[in-house]
Amino acid sequence: MLTLSGVGKRYSTGDRALTDIELILPKGQVMALIGPSGAGKSTLIRCVNRLVEPTQGSIRLEGTELTKLSGHKLRHARRSMGMIFQEYALVDRLTVMENVLSGQLGYVGFWRSFLRRYPQEAVTEAFRLLERVGLSHAIDKRADALSGGQRQRVGIARALLQSPKLLLVDEPTASLDPKTSRQIMRLIRELCAERDLAAIINIHDVALAQQFADRIVGLRAGEIVFDGQPSELTSEMLTTIYGEEDWDTTPEPIDDEAVDDGPEASSYPANMPAMAAGSAR
Ligand SMILES: Nc1ncnc2c1ncn2[C@@H]1O[C@H](COP(=O)(O)OP(=O)(O)O)[C@@H](O)[C@H]1O
Ligand SMILES: [Mg+2]
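So for the sequence shown, this note's numbering puts the first residue at 151; every next one is plus one.
Written as structure tokens, this is what we have:
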């Protein structure tokens with residue numbers, strides 16, 4: 151459904167962030183994009199929704215060439231791509247519901263959204279999504295009264311409100327504790343399956359990527375150096391992606407089902423071992 155071919159990006163500063171990226175993302179596939187800081191992960195997903203203009207190549211979403219769109223056609227295309235950021239990308243002084251509804255911006259227009267007048271269907275759908283992400287009890291809370299994991303659930307509901315076909319997710323767990331990180335990754339994964347959504351998830355935590363993605367793409371200095379199944383990601387390959395590191399100290403995959411999954415549960419040990427890529431950031 152999404153095809154990148156020959157995509158390159160050179161920033162005006164001269165930084166070459168991406169070189170000759172070739173990538174085909176099938177419908178419904180959850181892909182993790184891993185790589186050290188500065189590898190070009192954010193640039194890649196931002197080229198897809200055109201928050202960053204690629205300097206070379208073609209990006210097609212279900213046949214539509216995205217790199218040539220402008221004006222209302224670009225806005226229309228962006229609606230089919232839900233973006234999820236680190237969990238602090240909410241408006242603190244707005245309620246949970248208002249933050250979710252702000253995902254409607256592309257539909258209802260800036261002023262209507264600014265005046266907080268939303269169509270009833272959007273409100274109904276927002277309720278439904280908040281229930282799905284486990285926040286029906288917190289609809290009227292201000293965003294700044296929420297925990298990190300709850301904030302990210304709001305971000306997920308907001309991204310889904312516009313019924314996207316593709317999710318672009320940039321470091322969704324970067325500031326969450328390990329247990330909450332897994333809950334959030336699992337939620338994204340389940341929602342993709344329920345809605346037949348494809349996703350690109352930028353994540354530098356290799357263990358999480360391996361646990362929750364169908365496919366892993368490794369970026370190093372703007373180039374794809376690995377593209378395969380989570381199980382194919384060997385220590386040698388991690389060294390290629392991240393540089394020298396004693397990958398044999400990587401903890402065993404976590405037995406996810408054994409852990410209580412309640413959103414408020416705090417029984418998980420806070421001193422869980424650092425994830426695989428922790429020291430390579
Ligand atoms: N707005 C920008 N202007 C100039 N250079 C940038 C900009 N954003 C990112 N870069 C550079 O592009 C490269 C890739 O950055 P980025 O996509 O943020 O990587 P990652 O998300 O993997 O950490 C880095 O060298 C970074 O310094
Ligand atoms: Mg980034």
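Heads up, the beta-carbon is just placed ideally off N, CA and C, and yes, glycines get one too.
As the structure is a prediction and not an experimental result, all values here were calculated from the model.
For D165, the residue or residues it bridges with in DSSP: Within the sequence shown, numbered from 1, the residue matching residue 165 stands at position 15. In the DSSP output, where bridge partners are listed per residue, D165 has none listed.
message: Tell me which residues share the same chain as P204 and place their Cβ nearer than 8 Å to its Cβ, disregarding the 5 neighbours each side in the sequence.
response: On the sequence shown, position 54 is the one that residue 204 refers to. Contacts found: V157, G158, K159, L168, C197 and T217.
task: Please go through the segment 312 to 349 and give each complete alpha helix (DSSP H) segment of 4 or more residues, from N-terminal end onward.
output: 328 to 345
field: Residues bridged to N352 [DSSP beta-bridge criterion]
entry: Counting from 1 along the sequence shown, the entry for residue 352 is found at position 202. Beta-bridge pairing links N352 to L183 and D320.
M233 in three-state terms, based on DSSP: Within the sequence shown, the letter at position 83 stands for residue 233. Three-state DSSP puts M233 in a strand.
query: Which residue's Cα is closest to the Cα of A272: Q312, I184, G284 and L244?
result: Numbered from 1 along the sequence shown, position 122 holds the residue referred to as residue 272. If we check each option's Cα against that of A272, Q312 comes out closest.
query: Tell me, which residues are paired with I171 by DSSP?
result: If you number the sequence shown from 1, residue 171 lands on position 21. The partner list for I171 (beta bridge, DSSP) reads V157.
- request: Closer than 7 Å by C-beta to R308: which residues in its own chain qualify, once you throw out the five before and the five after it? Chain order, please.
  value: Position 158 of the sequence shown, counting from 1, holds the residue named residue 308. Cβ neighbours of R308 beyond the five flanking positions: N249, V250, S252 and G253.
- prompt: Once you ignore the five residues that flank K291 on each side, which residues in its own chain have a CB closer than 7 Å to its CB?
  reply: The sequence position of residue 291 within the sequence shown is 141, counting from 1. Closer than 7 Å at the Cβ level, and outside the excluded window around K291, lie T245 and V246.
Span separating the alpha-carbon of D364 from that of I351: As a working mapping, residue 364 is identified with position 214 in the sequence shown. As a working mapping, residue 351 is identified with position 201 in the sequence shown. Taking the straight line from one Cα to the other gives about 11 Å.
message: Tell me the DSSP secondary structure of T389 in three-state form.
response: By 1-based counting over the sequence shown, the position of residue 389 is 239. It is helical.
task: For Y268, count neighbouring C-beta atoms within 10 Å of its own C-beta (all shown protein chains included) and say buried if the count is 16 or more, exposed if not.
output: For the purposes of this step, residue 268 is identified with residue 118 of the sequence shown, where counting begins at 1. Under this definition Y268 is a buried residue.
Assigned secondary structure, S208 (DSSP; H/G/I helix, E/B strand, else coil): Within the sequence shown, numbered from 1, the residue matching residue 208 stands at position 58. Here S208 sits in strand by DSSP.
- prompt: Is there at least one non-hydrogen atom of ligand 1 closer than 7 Å to the beta-carbon of A359?
  reply: One-based indexing of the sequence shown puts residue 359 at position 209. Because no heavy atom of ligand 1 lies under 7 Å away, the Cβ of A359 does not count as near it: no.
field: Member of T389, P314, K329 and A359 whose CA lies at the smallest distance from the CA of R225
entry: Stepping through the sequence shown from its first residue, residue 225 is reached at position 75. Closest option to R225, Cα to Cα, is P314.
Residue of T163, R243 and L316 minimising C-alpha distance to G178: Taking the first residue of the sequence shown as 1, we reach residue 178 at position 28. Of the candidates T163, R243 and L316, L316 places its Cα closest to the Cα of G178.
Within 8 Å, strictly: CB atoms of A189 and L369: Along the sequence shown, read from residue 1 onward, the residue named residue 189 stands at position 39. Along the sequence shown, read from residue 1 onward, the residue named residue 369 stands at position 219. Between A189 and L369, the C-beta spacing is below 8 Å.
- prompt: What number of angstroms, rounded off, separates the C-alpha of G284 from the C-alpha of A357?
  reply: The residue labelled residue 284 in the question sits at position 134 within the sequence shown. The residue labelled residue 357 in the question sits at position 207 within the sequence shown. Whole-angstrom Cα-Cα distance: 25 Å.
task: State buried or exposed for I174, treating a residue as buried only when at least 16 other CB atoms are found within 10 Å of its CB.
output: The residue given as residue 174 occupies position 24 in the sequence shown. With fewer than 16 Cβ atoms within 10 Å of its Cβ, I174 is classed as exposed.
message: By the three-class DSSP mapping on this structure, what secondary structure does I366 have?
response: Translated into the one-based positions of the sequence shown, residue 366 becomes position 216. The answer is strand: DSSP assigns I366 an E or B state.
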